[in-house]
Amino acid sequence: MGSELIDINELGGHVSDSSTYHLPHWFGELPPLPAFDIGPYHFQVTKFMVVELVVAVLLVAIFVPLAKRIKTGQPLKGRFWNLLEVFLLFLRDEVIRPSIGKDANRFTPFLWTMFFFILLCNLAGLVPWFGASPTGALAVTAVLAAATFLTVTLSGMQKFGLIGFWTGQVPKMELPWVMAVMLKPMLFVIEVIGLFIKHIVLAIRLLANMFAGHLVLAVFLSFIAAVAGNLVLWLGVTFGSVAMSVALNCLELFVAFLQAYIFTFLSAIFIGMAQHQH
Numbered sequence: 044m045g046s047e048l049i050d051i052n053e054l055g056g057h058v059s060d061s062s063t064y065h066l067p068h069w070f071g072e073l074p075p076l077p078a079f080d081i082g083p084y085h086f087q088v089t090k091f092m093v094v095e096l097v098v099a100v101l102l103v104a105i106f107v108p109l110a111k112r113i114k115t116g117q118p119l120k121g122r123f124w125n126l127l128e129v130f131l132l133f134l135r136d137e138v139i140r141p142s143i144g145k146d147a148n149r150f151t152p153f154l155w156t157m158f159f160f161i162l163l164c165n166l167a168g169l170v171p172w173f174g175a176s177p178t179g180a181l182a183v184t185a186v187l188a189a190a191t192f193l194t195v196t197l198s199g200m201q202k203f204g205l206i207g208f209w210t211g212q213v214p215k216m217e218l219p220w221v222m223a224v225m226l227k228p229m230l231f232v233i234e235v236i237g238l239f240i241k242h243i244v245l246a247i248r249l250l251a252n253m254f255a256g257h258l259v260l261a262v263f264l265s266f267i268a269a270v271a272g273n274l275v276l277w278l279g280v281t282f283g284s285v286a287m288s289v290a291l292n293c294l295e296l297f298v299a300f301l302q303a304y305i306f307t308f309l310s311a312i313f314i315g316m317a318q319h320q321h
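Start counting the sequence shown at 44; every next residue gets the next number (this note's numbering).
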């Protein structure tokens, strides 16, 4: 009977987007988030939208004062500001510049923004009742990957021209014209498909890691409710579930930073490949 309490669809609902927040019963039932119509279109505000808005406001509140302080030449004081400087300089000097080269400064603000936005969205899923991580939704990761794709293609076309960028996807090879007629169109199709696939994988990798981690946490905690009818079993399962949840939360904290870094690192590599063709 206890195992029937575990409903994978219900668990998935706690880590996916929705128009309502799940809070403990003593808070009372919250009304659903607002929805409105504009002409024939219906728009529903969701909890991930709220979290992303909070993250955006936090980024502005943190980095605008930081930029103003740096612009005036004032030294950064305090552990928090020094920690931010360490992150920024590490990304610029160890990730962005080696991956992109001399044009790195053009793309540094974009990649800094991507890193910290993804990081805060990832960490939001570790805050109780905050609504899970927006990066656990395909719509969010797809938009982030699309932003990288547009940066890659538009900056490449700006540098090499519309035709030059796309024809430059084919490596320069000295081939007899008979082989060139056969191989170069084939390579062009493969390279263009690969360009799209790389950015699709960029979105799916972030989605899978964030969604799966939070779903596993929800499953472990659901074991407590599943054996609630037996006190002895409940005590043992509760201790084990809480211990595993704490360990997984520590792992999720590491994964939050790791996935933000990987997304930014791969984005920098893709931009660098567009700026330096074969």
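All residues carry an ideal CB built from backbone N, CA and C; glycine is no exception.
Please read these numbers as outputs of a predicted model, since none were measured by experiment.
In terms of Cβ geometry, residue 90 and residue 175 form a close pair [threshold 9 Å].
Judged by beta-carbon spacing, residue 216 lies within the 9 Å limit of residue 227, meaning their Cβ atoms are closer than that value. Looking at the DSSP output, residue 80 sits in a beta bridge with 85. Remark: fewer than three beta-carbon pairs, one from each stretch, lie closer than 8 Å, so the stretch 207–224 and the stretch 278–295 are not flagged as touching. DSSP, reduced to helix, strand and coil, places residue 216 outside both helices and strands of the structure shown, so it counts as coil.
Note on geometry: alpha-carbon atoms of residue 262 and residue 118 lie some 47 Å from one another. In this structure, residue 318 lies away from residue 204, with their beta-carbon atoms at least 9 Å apart. For the alpha helix (DSSP H) assignment, the uninterrupted runs of no fewer than 4 residues enclosed by the stretch 135–169 are, from N- to C-terminal side, 140–143, 147–167.
Counting the other CB atoms within 10 Å of its CB gives residue 60 a total of 16 or more, which places it among the buried residues. Around the beta carbon of residue 177, 16 or more other beta carbons sit within 10 angstroms, so the residue counts as buried. Judged by DSSP secondary structure, residue 270 falls outside any alpha helix (DSSP H); it is assigned neither H nor E.
Each of 188, 185, 208, 187 was checked against the Cα of residue 196, and the nearest Cα belongs to 208. With a cutoff of 9 Å on beta-carbon distance, residue 102 and residue 163 are scored as near each other.
Shortest Cα-Cα distance from residue 291 to any of 255, 311, 104 involves 255. The C-alpha of residue 154 lies about 20 Å from the C-alpha of residue 94. Between residue 302 and residue 258, the C-beta spacing is not below 9 Å.
Secondary structure at residue 172: coil, using DSSP grouped into helix, strand and coil.
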